[in-house]
Structure formats: structure tokens, C-alpha cells
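Engineer: Here it is: the structure, laid out below.
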Amino acid sequence: MADTDPKLQDQVMAGEDDNNDEEEISAMKRRVAEMEEEAAKLREMQATLDQQSTDLKEDKEDIDSRNIFVGKVDYSASPEEIQAHFQS
């Protein structure tokens with residue numbers, strides 16, 4: 001055992017290091033691919049939310065355009081009484 005060649009040991013260790021490096025690189029590539037997929041999903045979700053936000057804004061503007069503010073109304077008045085007042 002004491003007669004082992006140091007160069008041979010270095011070559012064996014270098015081979016193990018290369019194998020470990022390749023495994024690490026492939027693991028990193030898989031992780032990068034997963035991150036890219038997740039980023040694509042997030043972009044898709046953001047686009048969907050942006051569209052929904054635009055739709056809600058349009059709906060809110062439409063609703064606001066049909067509303068009026070009536071001030072100085074007695075708190076005991078019901079919505080039906082107020083509506084009847086303006087229908088006359």
C-alpha cells in the first residue's frame with residue numbers, strides 16, 4: 001500500500017472531481033430550467049392579472065358614470081324614498 005504512485009492517485013482524484021463537477025453542472029442546468037419555467041408561469045399570471053385589472057377598471061368607470069351623489073339627505077330616508085322623489 002505504501003508503494004502507490006502519487007501520480008496515479010492524483011489522476012484518480014481528478015477523475016472523481018470531474019465526475020462531481022459534471023453532476024453539479026447538470027444539477028445547476030436542471031435548476032435553471034426549473035427557474036425559467038417558473039418565470040414563464042409568473043409572466044403568464046401577471047399578464048392575466050393585468051387584463052383582469054383593466055377589465056375591472058373599465059367596469060368601475062362604467063358604474064361610476066351611472067352613479068350620482070346626493071348630499072344633505074336625512075339619515076332616516078330609505079333608498080326607495082329617494083328614488084321615488086327623483087322619479088316625480
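Start counting the sequence shown at 1; every next residue gets the next number (full-length UniProt numbering).
No residue lacks a Cβ here, since even glycine has one placed at the ideal position from N, Cα and C.
1) Please report how far the alpha carbon of residue 29 lies from the alpha carbon of residue 66, in whole angstroms.
2) Can you give me the C-alpha to C-alpha distance between residue 26 and residue 37, rounded to a whole angstrom?
3) Can you grab the Cα-Cα spacing for the pair residue 50 / residue 44, in whole Å?
4) What number of angstroms, rounded off, separates the C-alpha of residue 71 from the C-alpha of residue 61?
5) Just the Cα atoms here: how many angstroms apart are residue 78 and residue 63?
6) Would you give the residue range spanned by the alpha helix (DSSP H) that residue 86 belongs to?
Structural biologist: Looking at the coordinates:
1) For the purposes of this step, residue 29 is taken as residue 29 along the sequence shown, with counting starting at 1. For the purposes of this step, residue 66 is taken as residue 66 along the sequence shown, with counting starting at 1. Taking the straight line joining both Cα atoms gives about 56 Å.
2) Stepping through the sequence shown from its first residue, residue 26 is reached at position 26. Stepping through the sequence shown from its first residue, residue 37 is reached at position 37. When rounded, the distance between both Cα atoms is 17 Å.
3) Stepping through the sequence shown from its first residue, residue 50 is reached at position 50. Stepping through the sequence shown from its first residue, residue 44 is reached at position 44. Going from the Cα of residue 50 to the Cα of residue 44 covers about 10 Å.
4) The residue given as residue 71 occupies position 71 in the sequence shown. The residue given as residue 61 occupies position 61 in the sequence shown. So the two alpha carbons sit approximately 21 Å from each other.
5) Start at 1 with the first residue of the sequence shown, and residue 78 comes out as number 78. Start at 1 with the first residue of the sequence shown, and residue 63 comes out as number 63. Distance between the alpha carbons of residue 78 and residue 63: 21 Å.
6) Your numbering for residue 86 matches position 86 in the sequence shown. From DSSP, the alpha helix (DSSP H) with residue 86 extends over 79–87.
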